[in-house]
Amino acid sequence: VLRRISSYLLRSTIIMSSCSVIPVPALADNYMYLIIDRHSNEAAAIDPVDIGAIQKAASEHNATITTILTTHNHWDHSGGNIKLTKALSTIDRVYGGVGDDVPAVTHEVKDGDSFSVGRTHVKVLFTPCHTPGHVCYYVDGHHVFTGDTMFISGCGNFNTGTPSQMVEAFDKLLALPDFTKVWAGHEYTAKNCAFACYADSNNAELKQRLTWAEEQGSLHAGGKGTIPSTIAMEKKCNPFARIDHLSMMEFCGECANDRSER
Numbered sequence: 001v002l003r004r005i006s007s008y009l010l011r012s013t014i015i016m017s018s019c020s021v022i023p024v025p026a027l028a029d030n031y032m033y034l035i036i037d038r039h040s041n042e043a044a045a046i047d048p049v050d051i052g053a054i055q056k057a058a059s060e061h062n063a064t065i066t067t068i069l070t071t072h073n074h075w076d077h078s079g080g081n082i083k084l085t086k087a088l089s090t091i092d093r094v095y096g097g098v099g100d101d102v103p104a105v106t107h108e109v110k111d112g113d114s115f116s117v118g119r120t121h122v123k124v125l126f127t128p129c130h131t132p133g134h135v136c137y138y139v140d141g142h143h144v145f146t147g148d149t150m151f152i153s154g155c156g157n158f159n160t161g162t163p164s165q166m167v168e169a170f171d172k173l174l175a176l177p178d179f180t181k182v183w184a185g186h187e188y189t190a191k192n193c194a195f196a197c198y199a200d201s202n203n204a205e206l207k208q209r210l211t212w213a214e215e216q217g218s219l220h221a222g223g224k225g226t227i228p229s230t231i232a233m234e235k236k237c238n239p240f241a242r243i244d245h246l247s248m249m250e251f252c253g254e255c256a257n258d259r260s261e262r
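Following full-length UniProt numbering, the numbering of the sequence shown begins with 1 at its first residue and continues without gaps.
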């Protein structure tokens, strides 16, 4: 299991049928991403809070940023939008969720909306809870960028939403194919796994996951990082994806009869 997990090295470019994904660390624990269309080298920047770092990554891969995809309006995800659009005349589209007041937005999107970056298809998954208009981006049938909704072995805070909304968001994400790569908005894996081991104490694979996450460390602190995960792995090792499992129902006790309260 550890060998399989370790194959997902952060620094390697993940190449799929029509696009490459380049993770770019930012701030203390944020992840930005470049999606680069292989046919045109047109790129979308996801949550580009550090515009210097995202421009450097684009230059290193000979990519032209034309699009910004914003998962939600918090400053550590959307704070670079205005500066980046001013710095790059090539950017003509800034996407954000309806009602989320994303800076510099040109296209407010809702659930099921779709568009392309070059030939790379992007579908919007509306996942309100962390913010009123939080969205995830399902890209090329292989990747999902989950912002602050789904973390590796964790979930985001319910800042403006309800437990029921987070359950609905997770159900939507977990319905994606098991092979889908999960690219989260923060490097929280080790501490998430520590809590998950407490909540789901009989989960042997989760304990191995914790050991692996601690060994990988954070890219921001000189380690290798832990992204991406997969939908299949989250079904095994994310307690918020396992609320219908007996072990989690037992942990939740008297709340077990209500999915949103577990």
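Note that beta-carbon positions come from the ideal geometry of N, C-alpha and C, so glycine has one too.
Residues bridged to residue i [DSSP beta-bridge criterion]
i    : result
R93  : T67
Y31  : P25
C19  : D37
A45  : L34 and I68
A53  : According to DSSP, A53 bridges with nothing at all.
T120 : V117
H107 : Y95
L176 : None, per the DSSP bridge assignment.
Alpha carbon of residue i to alpha carbon of residue j, nearest angstrom
i    : j    : result
I82  : V94  : 10 Å
H220 : A26  : 8 Å
G118 : A44  : 10 Å
K207 : H186 : 21 Å
V135 : I46  : 12 Å
I243 : D111 : 24 Å
Neighbourhood of residue i by C-beta, 7 Å cutoff - its chain only, sequence neighbours within 5 removed
i    : result
P103 : S78, N81 and I82
Q216 : G223, K224, G225 and T226
F115 : V122
T189 : I152, S153, A213 and T226
Beta-carbon separation (whole angstroms), residue i vs residue j, contact threshold 8 Å
i    : j    : result
T230 : V182 : 6 Å
I152 : A199 : Their Cβ separation, rounded to whole angstroms, is 15 Å, which puts I152 and A199 out of contact at 8 Å.
T64  : T85  : T64 to T85, Cβ: 14 Å. No contact.
Nearest to residue i (by Cα), restricted to the options the options
i    : options                   : result
N159 : E168, S153 and D148       : D148
G99  : C129, K224 and D92        : C129
G97  : I68, G222 and T90         : I68
S20  : A26, N30, S89 and S40     : S40
N73  : P48, M166 and A57         : P48
T127 : D140, H107, D171 and C252 : D171
T70  : T211, A58 and Y137        : Y137
Proximal residues to residue i (C-beta, below 8 Å), its chain only, five neighbours per side dropped
i    : result
A87  : I51 and Q55
A232 : D178 and F179
N157 : H130 and D148
Sequence-distant residues of the same chain with beta carbon closer than 6 Å to residue i, five excluded per side
i    : result
V105 : V94 and G96
G133 : G97, V98, G99 and D100
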